[in-house]
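First the structure, in the form of structure tokens, and then the observations on it.
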Amino acid sequence: MNDAAEMFEPDAWNERYSGDEQVWSGEPNPQLVAEASALPPGTALDVGCGEGGDVIWLAGRGWRVTGADFSANGLARAARHAEAAGVAERTDWWQVDAREFAADGREFDLVTTHFLHPPEAGMAEVTRRLATAVAPGGHLLVVGHAPSPAFTHLTDSHRDAMFLAEDLVPALPADFEVLVAEERPRSMVRHGERMDVHDATLLARRAR
1 MNDAAEMFEP DAWNERYSGD EQVWSGEPNP QLVAEASALP PGTALDVGCG
51 EGGDVIWLAG RGWRVTGADF SANGLARAAR HAEAAGVAER TDWWQVDARE
101 FAADGREFDL VTTHFLHPPE AGMAEVTRRL ATAVAPGGHL LVVGHAPSPA
151 FTHLTDSHRD AMFLAEDLVP ALPADFEVLV AEERPRSMVR HGERMDVHDA
201 TLLARRAR
């Protein structure tokens, strides 16, 4: 994947998920754990669910979860992982491109997405679209990579696709209250080396 535009296309991710090796750890994303642990289980939508780690974690805590992704191979992997984890009966799957997402009347108590990075500052538009799927009183959690000197291995176009939480706030409808808009420090391991990064974290609640 040579640039941010190619990185955010289904064919590239279908290829990435076409092998036998697991791509991600299978563990839930830490900001999801931090924010959703205190929420009562309800219905959830995880957009850009990949191999289903967050979906499985939520389902294991009693949520009814729809995992959404534009990669058919990713969704197939996620469904297999949910079956192996014993939570398949609490999961559904939806193939959709976040850039064209439309709720079409569907509402969820929690809408979450982690590390989607559409090019050309496209995450604000994705946030606006995802907000339409949040039920009254529900929460929207958007997490991504904040710009950081640690990402020296990435191209300029990849880094340009990153964002700060405050960049997304103007995309929220008027009936949303911002609960968190900050960059949270986190350590990650890449190719055996530990890196200090920041997660751009936006948590907002829709009025009842």
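Mapping of the sequence shown onto the UniProt record's numbering: position 113 corresponds to residue 113, and the numbering continues sequentially without gaps. Quick reminder that beta carbons are idealized off the backbone N, C-alpha and C, glycines included. Since the structure is predicted, the reported quantities are computational estimates derived from the model, not experimental observations.
(1) So, with DSSP's three-state summary, where would you put ALA72?
(2) Beta-carbon separation of ALA79 and TRP93 under 8 angstroms?
(3) Select from PRO119, ASP109 and ALA59 the residue whose C-alpha is nearest the C-alpha of LEU130.
(4) Does DSSP classify residue 217 as helix, strand or coil?
(5) Could you have a look at MET1 and say whether DSSP puts it in helix, strand or coil?
(6) With 16 other CB atoms within 10 Å as the buried threshold, where does ALA146 fall?
(7) For ALA82, which residues from the same chain have a beta carbon less than 6 angstroms from its beta carbon, with the 5 sequence-adjacent residues on both sides left out?
(8) As a quick exercise: from ALA200, GLU166, ARG206 and GLU15, pick the residue whose alpha carbon is nearest that of LEU116.
(9) Output the distance between the C-alpha atoms of GLY138 and ARG208, rounded to the nearest integer angstrom.
(10) Does the beta-carbon of SER71 have 16 or more other beta-carbons within 10 angstroms, so that it is buried, or is it exposed?
(11) Should ALA98 go down as buried or exposed, given a rule of 16 or more other Cβ atoms within 10 Å for buried?
(12) Under three-state DSSP, which class holds TRP57?
(13) Taking the C-alpha atoms as reference points, what is the distance between LEU45 and PRO136?
(14) Along the alpha helix (DSSP H) that carries PRO30, what are the first and last residues, could you check?
(15) For PRO28, count neighbouring Cβ atoms within 10 angstroms of its own Cβ and tell me buried if that reaches 16, exposed if not.
(16) Keeping to the same chain, check which residues put their C-beta closer than 7 angstroms to that of ARG106; ignore five residues upstream and five downstream.
For this structure:
(1) helix
(2) yes
(3) If we check each option's Cα against that of LEU130, ASP109 comes out closest.
(4) There is no way to answer for residue 217, as the model of the chain reaches only from 1 to 208.
(5) The predicted model places MET1 with a pLDDT of 40, which falls under 50 and marks its position as unreliable; any figure quoted below should be read in that light. Correct three-state label for MET1: coil.
(6) Classification of ALA146: buried, given that the 10 Å Cβ count is 16 or more.
(7) The beta carbon of ALA82 sits closer than 6 angstroms to those of GLY52, ILE56, ALA88 and THR91, all from its chain and outside the five residues before and after it, given in chain order.
(8) ALA200
(9) 8 angstroms
(10) In the assembly as shown, SER71 is a buried residue. Its beta-carbon has 16 or more other beta-carbons within 10 Å.
(11) Buried, since its Cβ has 16 or more Cβ neighbours within 10 Å.
(12) helix
(13) Answer to the nearest angstrom: the Cα atoms are 15 angstroms apart.
(14) Membership of PRO30 in the alpha helix (DSSP H) is indicated by the continuous run 30-36.
(15) So PRO28 counts as buried.
(16) ALA133
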